[in-house]
Amino acid sequence: MTASPEVRVAIVTGGASGIGLATAGILLEQGWQVVGTDRDADALAAAETALAGHAGRFRMVQGDVTDEAAMARLVEETERDVGPIRGLVTSAGIGRDVPFLDTTADMFRTIHEINVVGTFIIARAAAAAMRASGGGAIVTIASVSGLTGNIGRAAYGSSKGAIVNLTRIMAVELARFGIRVNSVAPGPIETPMVAEVHTSAIRDQWNDKVLLERYGTPAEIGEAVAFLVDARRSSYITGQILAVDGGFVACGLNDK
Ligand code: NAD
Numbered sequence: 001m002t003a004s005p006e007v008r009v010a011i012v013t014g015g016a017s018g019i020g021l022a023t024a025g026i027l028l029e030q031g032w033q034v035v036g037t038d039r040d041a042d043a044l045a046a047a048e049t050a051l052a053g054h055a056g057r058f059r060m061v062q063g064d065v066t067d068e069a070a071m072a073r074l075v076e077e078t079e080r081d082v083g084p085i086r087g088l089v090t091s092a093g094i095g096r097d098v099p100f101l102d103t104t105a106d107m108f109r110t111i112h113e114i115n116v117v118g119t120f121i122i123a124r125a126a127a128a129a130m131r132a133s134g135g136g137a138i139v140t141i142a143s144v145s146g147l148t149g150n151i152g153r154a155a156y157g158s159s160k161g162a163i164v165n166l167t168r169i170m171a172v173e174l175a176r177f178g179i180r181v182n183s184v185a186p187g188p189i190e191t192p193m194v195a196e197v198h199t200s201a202i203r204d205q206w207n208d209k210v211l212l213e214r215y216g217t218p219a220e221i222g223e224a225v226a227f228l229v230d231a232r233r234s235s236y237i238t239g240q241i242l243a244v245d246g247g248f249v250a251c252g253l254n255d256k
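Residue numbers (full-length UniProt numbering): 1 to 256.
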């Protein structure tokens with residue numbers, strides 16, 4: 001990758017799959033240089049192939065968002081080799097659908113460790129770099145399960161609820177450094193995570209309450225993320241949680 005002070009550089013965690021990969025592709029189309037990171041080596045290799053048309057403007061780096069030293073290294077190497085970081089998208093995450101009474105403390109800890117602590121670790125490292133170089137934008141990936149009391153989401157939904165308020169707090173504390181922080185809260189999106197977790201019974205439940213009567217695509221989330229991370233298009237937006245959910249949160253108790 002070529003280092004140049006003019007390039008817009010974004011890090012995308014969970015960049016090898018689903019929403020993160022789609023977002024990386026859209027950012028590349030919109031002229032960003034992208035550093036994707038993910039813990040899954042096979043998915044990273046597949047992502048490199050999927051994004052091959054943008055060769056020279058992205059790199060994929062293996063790393064775990066819960067590893068503080070690895071994330072510090074990622075930020076440092078990105079700034080050194082590519083340029084000042086102007087965007088961060090935190091898509092790395094895991095989900096489970098388990099009734100509250102069957103949720104173990106280990107399960108709860110693991111989900112919070114990756115979804116919440118992992119988001120915190122990379123966001124803090126990237127924000128420190130953005131502060132030093134004149135600002136940027138962070139977009140976290142929450143979930144509609146962090147905005148509503150969905151059944152089976154004790155661990156996952158509470159982790160996403162934490163991301164919602166972490167986003168607001170970062171927006172408040174980082175505005176003075178020229179850093180905007182927003183979140184996208186997806187509804188059900190067709191990704192490998194959902195393929196693993198959503199049984200047909202779960203799919204029926206979602207389709208019953210999504211006003212647009214279908215699951216979304218990773219690109220439909222990526223477009224919203226790309227808007228929020230782009231200082232030219234969303235310069236007056238910070239501290240917001242944007243549900244991109246086909247109308248799920250608006251539907252509430254109503255029949256469609
Ligand atoms: P996905 O499984 O396709 O992608 C997630 C990626 O994160 C994977 O490549 C995985 O390897 C990576 N990852 C997991 N733990 C990691 C770690 N510790 N360090 C680094 N990488 C790690 O899933 P997705 O559906 O694209 O999910 C992306 C984000 O969107 C997640 O935060 C998820 O909670 C959120 N989300 C998804 C949906 C949905 O319906 N798909 C809905 C709401 C929110």
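Every residue, glycine too, gets a C-beta built ideally from N, C-alpha and C. The structure displayed is predicted, hence computed values, not measured ones.
- At least one heavy atom of the ligand NAD lies less than 8 Å from the C-beta of residue 160.
- Collapsing the DSSP output to three states places residue 42 in a helix.
- For residue 254, the shortest C-beta to heavy atom distance toward the ligand NAD is 8 Å or greater.
- Among the bridge pairs identified by DSSP, residue 12 is matched with 36 and 89.
- Following the DSSP letters along the chain, one finds residue 99 in no beta strand (DSSP E), marked with neither H nor E.
- The alpha-carbon of residue 98 is positioned some 21 Å away from that of residue 91.
- Pairwise C-beta distances place the region 76-85 out of contact with the region 102-113, as fewer than three of them are shorter than 8 Å.
- Counting C-beta pairs with one atom in each stretch, the region 193-200 and the region 227-243 have fewer than three that are closer than 8 Å, which means they do not touch.
- A distance below 9 Å separates the beta carbons of residue 44 and residue 62.
- Within 8 Å of the C-beta of residue 96 there is not a single heavy atom belonging to the ligand NAD.
- Remark: the shortest separation between the CB of residue 115 and any heavy atom of the ligand NAD falls under 8 Å.
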